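Written out below as structure tokens is the structure these notes cover.
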Ligand SMILES: NC(=O)c1ccc[n+]([C@@H]2O[C@H](COP(=O)([O-])OP(=O)(O)OC[C@H]3O[C@@H](n4cnc5c(N)ncnc54)[C@H](OP(=O)(O)O)[C@@H]3O)[C@@H](O)[C@H]2O)c1
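This is how it looks when you write it as structure tokens:
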């Protein structure tokens, strides 16, 4: 008999609170697993989706199940999967926004793709692991996909490339993961954050960090790139479109004025008409790695060993957002207040 499933549903496009109720239990296809969720990360896109709905993902059918970040234990495996067994502790990127409700995170049992799932060692708690999925996926899409920065893939024994990457927004969830992935791939990383997070982002591997609110930040970073070969930039900002416009412009100006790759992977929206001649840029869709070689490069060939050996940290820090599916709406409100080098996590 199938387990009984429950979800936090977004019942209609205009629903202002999630509704907890029964949900179907969906068995996996040959390349999927079912995970009994134990911790769920809350992303900006989750509460933005509730507020803006079809403006963000116009194809969404309601009722729907939001959420991208899960950590829990494997309960059922697709017929072609050999990398996992029932009971394994895993972290996975749920793709409900593009793949339908069975693959949304905010339920007791989620269906996830094998190529976006990684085992987690006993030393890592479910709450720690749940900060990773969408953030590492988005960072990996921007850094490694061939039509983005196309960086060398990460390993636990990186070979220095001699190139330097700009990660704008090192204390964001995406930024914490971008720094570590780039360092694991052999790149030097220059980043930005508030001064209170300078030590934190250095601890993730950044070699230099600049205050993004300094009036001279662009000139200071350009000076830091002098004599270096740039691998390009990943631009990560926040919620405010005006702030994001400033972030993307700074990144474009820095790659334009540095030697090396003149490309910005954009985690936030940007205006392509403002790109100077010779600079490329592309908006990242954080789940695109499910369809290409980057998914397994990260979730199969890098993250399991990197977590096991402690060379990749679960960052940012989890911020307790409550227990149970009923807590998710309150956790959204906590996320809306803004976080600093933290991600709101709900335990189940
Ligand atoms: N395209 C995609 O697929 C995708 C996927 C996920 C996220 N995103 C986007 O990526 C952005 C970051 O998301 P997230 O979840 O990683 O964010 P988050 O963890 O909520 O980010 C919080 C951090 O933002 C930093 N920050 C705020 N304004 C900044 C600025 N002007 N420059 C640099 N850092 C700034 C703050 O750093 P300090 O505390 O140091 O001040 C804070 O720690 C959002 O805009 C989100 O929508 C896109």
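Residue numbers (the UniProt record's numbering): 1 to 348. Just so it is clear, CB atoms sit at the ideal spot from N, CA and C, and this is done for glycine as well. Treat the numbers as computed from the prediction; the structure is a model and nothing was measured.
Under the assumption that residue i contacts residue j (Cβ atoms under 8 angstroms), give the Cβ distance between them as a whole number of angstroms.
i: residue 185; j: residue 154; result: 4 angstroms
i: residue 183; j: residue 160; result: Contact flag wrong, Cβ pair sits at about 10 angstroms.
i: residue 346; j: residue 42; result: 7 angstroms
i: residue 122; j: residue 111; result: Going by Cβ atoms, the distance from residue 122 to residue 111 rounds to 25 angstroms, so no, they are not a contact pair.
i: residue 143; j: residue 116; result: With a Cβ gap of about 16 angstroms, residue 143 and residue 116 do not count as contacting.
i: residue 235; j: residue 247; result: 5 angstroms
i: residue 197; j: residue 341; result: 5 angstroms
i: residue 324; j: residue 289; result: Contact doesn't hold; Cβ gap of about 30 angstroms is too wide.
i: residue 11; j: residue 19; result: 5 angstroms
Cutting at 8 angstroms between CB atoms, please list the residues of its own chain near residue i, excluding the five before and the five after it.
i: residue 21; result: 6, 7 and 9
i: residue 279; result: 252, 255, 256, 262, 263 and 264
i: residue 190; result: 164, 165, 166, 167, 206, 207, 208, 209, 210, 221, 224 and 225
i: residue 14; result: 53
Output needed for residue i: all residues of its chain with C-beta closer than 6 angstroms, excluding positions within five of it in sequence on either side, in chain order.
i: residue 17; result: 329
i: residue 220; result: 210
i: residue 175; result: 167, 169 and 236
In three-state terms, what does DSSP make of residue i?
i: residue 288; result: helix
i: residue 168; result: strand
i: residue 118; result: strand
i: residue 9; result: strand
i: residue 386; result: There is simply no residue 386 to check, as the chain begins at 1 and stops at 348 in what is shown.
i: residue 322; result: strand
i: residue 196; result: helix
i: residue 282; result: strand
i: residue 110; result: strand
i: residue 37; result: strand
i: residue 328; result: helix
i: residue 300; result: coil
i: residue 277; result: coil
i: residue 240; result: coil
i: residue 89; result: strand
i: residue 310; result: coil
Determine the direct distance from the alpha carbon of residue j to that of residue i, and round the result to whole angstroms.
i: residue 303; j: residue 58; result: 32 angstroms
i: residue 231; j: residue 27; result: 42 angstroms
i: residue 242; j: residue 270; result: 10 angstroms
i: residue 353; j: residue 319; result: In the structure as shown, the chain begins at 1 and stops at 348. Residue 353 is therefore absent and cannot be evaluated.
i: residue 354; j: residue 165; result: Any answer about residue 354 is impossible in this case: the structure gives the chain only from 1 up to 348.
i: residue 104; j: residue 97; result: 7 angstroms
i: residue 308; j: residue 301; result: 12 angstroms
i: residue 245; j: residue 179; result: 22 angstroms
i: residue 172; j: residue 314; result: 13 angstroms
i: residue 203; j: residue 127; result: 20 angstroms
i: residue 84; j: residue 291; result: 20 angstroms
i: residue 2; j: residue 25; result: 7 angstroms
i: residue 56; j: residue 49; result: 7 angstroms
i: residue 188; j: residue 146; result: 20 angstroms
i: residue 312; j: residue 40; result: 20 angstroms
i: residue 31; j: residue 281; result: 33 angstroms
i: residue 233; j: residue 129; result: 26 angstroms
i: residue 239; j: residue 213; result: 16 angstroms
i: residue 337; j: residue 316; result: 17 angstroms
i: residue 113; j: residue 227; result: 43 angstroms
Counting only the same chain and skipping the five closest in sequence on each side, list residues whose C-beta sits under 7 angstroms from that of residue i.
i: residue 195; result: 211
i: residue 286; result: 134, 137, 138 and 141
i: residue 87; result: 73 and 74
i: residue 46; result: 66, 67 and 332
Beta carbon of residue i: closer than 8 angstroms to some heavy atom of ligand 3?
i: residue 283; result: Among the ligands present in this structure, namely ligand 1, ligand 3 is not found.
Legend entry - Three-pair Cβ contact test at 8 angstroms for the segment 146 to 153 versus the segment 64 to 84: The segment 146 to 153 makes no contact with the segment 64 to 84: fewer than 3 CB pairs, one atom from each, lie closer than 8 angstroms.
Legend entry - the segment 30 to 37 contacting the segment 71 to 89, beta-carbon criterion three pairs below 8 angstroms: Three or more pairs of CB atoms, one per stretch, sit closer than 8 angstroms, so the segment 30 to 37 contacts the segment 71 to 89.
Legend entry - At least 3 beta-carbon pairs within less than 8 angstroms: the segment 84 to 96 vs the segment 132 to 147: yes
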